[in-house]
Amino acid sequence: MTVINDQKPVLAKSFRALRPVPEKASQVIAPPYDVLNSDEARTLVSDKPLSFLHVSKPEVDLPVGTPFDDPRVYDQGLKNLSKLVSENILIEEDDYSLYICEISTNGCKQTGIAFVASLEAYDLNLIKKHEYTTPRKEADRVRNISKLNAQTGPVLLTYESNIHLKEILSK
Numbered sequence: 001m002t003v004i005n006d007q008k009p010v011l012a013k014s015f016r017a018l019r020p021v022p023e024k025a026s027q028v029i030a031p032p033y034d035v036l037n038s039d040e041a042r043t044l045v046s047d048k049p050l051s052f053l054h055v056s057k058p059e060v061d062l063p064v065g066t067p068f069d070d071p072r073v074y075d076q077g078l079k080n081l082s083k084l085v086s087e088n089i090l091i092e093e094d095d096y097s098l099y100i101c102e103i104s105t106n107g108c109k110q111t112g113i114a115f116v117a118s119l120e121a122y123d124l125n126l127i128k129k130h131e132y133t134t135p136r137k138e139a140d141r142v143r144n145i146s147k148l149n150a151q152t153g154p155v156l157l158t159y160e161s162n163i164h165l166k167e168i169l170s171k
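Encoded structure:
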């Protein structure tokens, strides 16, 4: 699917989400991988075996001091994701979709659309970079996504005002 705003094409695709079953969602939900260091994440998951941090920051299940980009980390992430799926903690949607999501924090509400963004659009600078990330951290996320065949953390994009999107998101 190609989504077009008023000026520039942005290539986007629908996807089949993996989501926690409702009765386990509060045990799976976790902060984004990049707001915690490995030690903080390890402490947070010590009594939370279903936390998604076991997937997005899987070094928490390896010996202390294991580098975040050690090849064993990606193997552990795949093992942890596979376990959540095989135990029906995470279920895959039957249909490809775009997902409307809302995040509320401290009285501030943000609503958006979850989709698979095109790397081509990113490479062509149609998706603008908003922060500096180190090549080592970028390579880590690429290896994590490649090994798991899953995007384990959202990337938030903003967009120019668009009346069609505004109508969809207001429903």
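Residue numbering for the sequence shown follows the UniProt record's numbering, beginning at 1 and increasing consecutively.
Cβ coordinates follow ideal geometry from the N, Cα and C atoms, glycine included.
Computed from a prediction, not measured in an experiment: that's the story for all the values here.
Let me check one thing: in DSSP terms, what residues is residue i bridge-paired to?
i: R19; result: I91
i: G153; result: Looking at the DSSP assignment, G153 forms no beta bridge with any residue, so it has no partner.
i: K109; result: S104
i: V142; result: Answer is none; V142 lacks a bridge partner.
Hey, would you say residue i sits closer than 8 Å to residue j, going by beta carbons?
i: T114; j: P154; result: Note on identity: in this sequence residue 114 is Ala, with Thr being the wrong assignment. Cβ atoms of A114 and P154: closer than 8 Å.
i: R42; j: V55; result: no
i: K109; j: E120; result: no
i: F52; j: A17; result: no
i: I127; j: L169; result: no
i: S118; j: A12; result: yes
i: L62; j: Q76; result: yes
Going by C-alpha distance, which of the options is nearest residue i?
i: Y122; options: L157, Y96, D94 and Q151; result: L157
i: A139; options: P71, K83 and V45; result: P71
i: N149; options: Y33, S82 and V64; result: S82
i: L98; options: N162, E40, V116 and P32; result: V116
i: K166; options: T152, I145, T111 and N125; result: T111
* Are there three or more Cβ pairs, one per stretch, closer than 8 Å when the stretch 21-28 is compared with the stretch 130-139? -> no
* Whole alpha helix (DSSP H) elements within the stretch 20-95, 4-residue minimum -> 25-28, 38-45, 53-56 and 71-86
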